[in-house]
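A.B. asks: The structure follows.
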Amino acid sequence: MIDAEIAVVFYAGHGIEIRGENYMIPLGVNGIYTRRDLSNLVKLSDVIAEAEIAKSFGVLFVDACRDNPLKNNIDPTIRSSVTRGLGNVDTPSNILVSFATKAKQVVNDGEGTNSPYTTALKRFISNQEDIRFVIGKVKDLVVQQTKNSEVKQEPTMFGTLGGERYCLSGYCGQKPVDNSEELARLKAENERLRNQSSVVVSKPTPATNTQKWITPSNSVCTSNGGEIYKGICQANWENAKKICSQSGGQLPSREDLHKVIIDCGGIADANGDDEWNKNTANTSYQSCYKAKGFSNNNNNWYWTREEEDASNAWGVNFKVGDGYWDGRSFKFYAICVR
Numbered sequence: 026m027i028d029a030e031i032a033v034v035f036y037a038g039h040g041i042e043i044r045g046e047n048y049m050i051p052l053g054v055n056g057i058y059t060r061r062d063l064s065n066l067v068k069l070s071d072v073i074a075e076a077e078i079a080k081s082f083g084v085l086f087v088d089a090c091r092d093n094p095l096k097n098n099i100d101p102t103i104r105s106s107v108t109r110g111l112g113n114v115d116t117p118s119n120i121l122v123s124f125a126t127k128a129k130q131v132v133n134d135g136e137g138t139n140s141p142y143t144t145a146l147k148r149f150i151s152n153q154e155d156i157r158f159v160i161g162k163v164k165d166l167v168v169q170q171t172k173n174s175e176v177k178q179e180p181t182m183f184g185t186l187g188g189e190r191y192c193l194s195g196y197c198g199q200k201p202v203d204n205s206e207e208l209a210r211l212k213a214e215n216e217r218l219r220n221q222s223s224v225v226v227s228k229p230t231p232a233t234n235t236q237k238w239i240t241p242s243n244s245v246c247t248s249n250g251g252e253i254y255k256g257i258c259q260a261n262w263e264n265a266k267k268i269c270s271q272s273g274g275q276l277p278s279r280e281d282l283h284k285v286i287i288d289c290g291g292i293a294d295a296n297g298d299d300e301w302n303k304n305t306a307n308t309s310y311q312s313c314y315k316a317k318g319f320s321n322n323n324n325n326w327y328w329t330r331e332e333e334d335a336s337n338a339w340g341v342n343f344k345v346g347d348g349y350w351d352g353r354s355f356k357f358y359a360i361c362v363r
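Laid out in structure tokens, this is it:
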């Protein structure tokens, strides 16, 4: 790591805090932890010190705040010093540490191969955006996905970085090539969508005041596998299709949702920090799509009917105006069109 520009460490497993020190428990560890011998455990502070050597910055992803399965391996003389979960972390100026949940809390192991935190991290880690924005997206998704679980999680970040952009992938949204032709194409496409009279929304609330948009009723939502979150129906993609069918419509197309964004003065299919930030900071845009009946709750993603393959379908995020191929098992909002 001595010659590294960026240091990235990911750890998923078991961790404990003993007398204010966070330890990672490697695979295959046996024996008894005693007051004098914790040598077979790995100090998180040592990993942070190693990452600090990176020239630019370092980031540690720690999915380790689980109940310790080796409780009986702890000598009684220090057992009272072992806390639930991991403790707070002090970091150097160029290091970020992302915990899967708050300090002193445990995490949800998930029902599949990966935990909710690791699943969210895999989804966003390759985004070409500032690492702090990536960690923020991971937090929002984990909070949403575990809100109804027995173990609720709120990922926590320790450390700060300076005013520059710090990215793990790409150029932080700044393309190093001439993209004028692509921008011209997008501008023409946006103009074409703007002129489509068939998708004009005449009044603010699409569910009740237009012939196009349909908001599923609570009963249709819940009877078809959905749930009501802050007054709005959300469901996985397959159930969202059923909900719209039972509501007399279908899931909207990507262009349907882009038309709402454009009509409200936002940038549709926004890409990179500059465009995301413009949409987020555009107060008239933020007010407009909410007035039309679209939400800006913690989970502000909406399903479209476009599908990539057996695992993914397209979702649109109104807050920042972007979209992704997302796992069909995620619970996004279901709004329908005739």
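Following the working numbering, the numbering of the sequence shown begins with 26 at its first residue and continues without gaps.
Quick reminder that beta carbons are idealized off the backbone N, C-alpha and C, glycines included.
(1) How big is the Cα-Cα spacing for Ser174 and Leu166?
(2) Mind checking Glu42: buried by the 16 CB within 10 Å criterion, or exposed?
(3) Take the Cβ of Ile73 as the centre, count every other Cβ of all protein chains shown within 10 Å, and call the residue buried at 16 or more, exposed below.
(4) My parser needs the alpha helix (DSSP H) runs of 4 or more residues fully inside the stretch 110-188; what are they?
(5) Looking only at its chain, what residues have a beta carbon closer than 6 Å to the beta carbon of Cys258, apart from the 5 residues adjacent to it on each side?
(6) So, does the stretch 154-164 touch the stretch 112-129, judging by three or more C-beta pairs under 8 Å?
(7) Under the assumption that Asp88 contacts Ser140 (Cβ atoms under 8 Å), give the Cβ distance between them as a whole number of angstroms.
(8) Curious, which full-length alpha helix (DSSP H) runs of at least 4 residues does the stretch 293-320 contain?
(9) Within the same chain, show all residues whose beta-carbon is closer than 7 Å to that of Thr305, passing over the 5 residues directly before and after it, in chain order.
(10) Please report the residue range of the alpha helix (DSSP H) in which Arg44 lies.
(11) By the DSSP assignment, the beta strand (DSSP E) with Leu85 in it spans what residues?
(12) Using three-state DSSP, classify Asn325 as helix, strand or coil.
(13) Taking only the alpha-carbon atoms, compute the straight-line gap between Arg217 and Gly274 and give it to the nearest angstrom.
(14) Does DSSP put Ile239 in a helix, in a strand, or in coil?
(15) Nearest CA to the CA of Ile286: which residue from Gly348, Ala265 and Thr144?
(16) Pick out whichever of Asp298, Thr144, Phe35 and Asn307 has its Cα sitting closest to the Cα of Phe291.
(17) If you follow the beta strand (DSSP E) that Val285 is in, where does it begin and where does it stop?
(18) Measuring CA to CA, which of Val341, Ala293 and Phe35 is closest to Thr144?
(19) Any idea which residues DSSP pairs Gln275 with across the strands?
(20) Can you give me the Cβ contacts of Ser354 inside the same chain, cut-off strictly under 6 Å, excluding the 5 residues immediately before and after it?
(21) Strictly under 8 Å for the Cβ-Cβ distance: is Leu166 near chain C by that measure?
(22) How should Glu154 be labelled, buried or exposed, when 16 other C-beta atoms within 10 angstroms of its C-beta is the threshold for buried?
(23) In three-state DSSP terms, what is Val341?
(24) Using the three-state DSSP reduction, which class does Glu30 fall into: helix, strand or coil?
(25) Just to confirm, is the Cβ distance from Ala32 to Gly83 under 8 Å?
(26) When the Cα atoms are used, what is the spatial distance from Val341 to Asn325?
(27) Can you tell me which of Val114, Val132 and Ser309 puts its alpha carbon nearest to the alpha carbon of Pro180?
(28) Whole angstroms are fine: how far does the CA of Ile253 sit from the CA of Ile268?
(29) From what residue to what residue does the beta strand (DSSP E) around Ala260 run?
(30) Report yes if the CB atom of Ala79 is closer than 8 Å to the CB atom of Glu30, and no otherwise.
(31) For Asn355, list the residues DSSP reports as bridge partners.
C.D. replies: The answer reads as follows:
(1) 13 Å
(2) buried
(3) buried
(4) 141-149 and 156-171
(5) Pro241, Cys246, Gly251 and Ala359
(6) yes
(7) 6 Å
(8) 297-306 and 308-316
(9) Lys344 and Val345
(10) No alpha helix (DSSP H) contains Arg44, which DSSP labels as neither H nor E.
(11) Phe82 to Asp88
(12) coil
(13) 24 Å
(14) strand
(15) Gly348
(16) Note on residue identity: the sequence assigns Gly, not Phe, to residue 291. Minimum Cα distance to Gly291 is reached at Asn307.
(17) Unbroken run through Val285 is the alpha helix (DSSP H), Arg279 to Asp288; no beta strand (DSSP E).
(18) Phe35
(19) Val362
(20) Asn261
(21) Of the protein chains in the structure, only one exists, and it is not chain C.
(22) buried
(23) strand
(24) coil
(25) yes
(26) 8 Å
(27) Val132
(28) 12 Å
(29) Ile257 to Ala260
(30) yes
(31) In the sequence as presented, Asn is not what sits at residue 355; that position holds Phe. Answer by DSSP bridge pairing: none, since Phe355 is not bridged.
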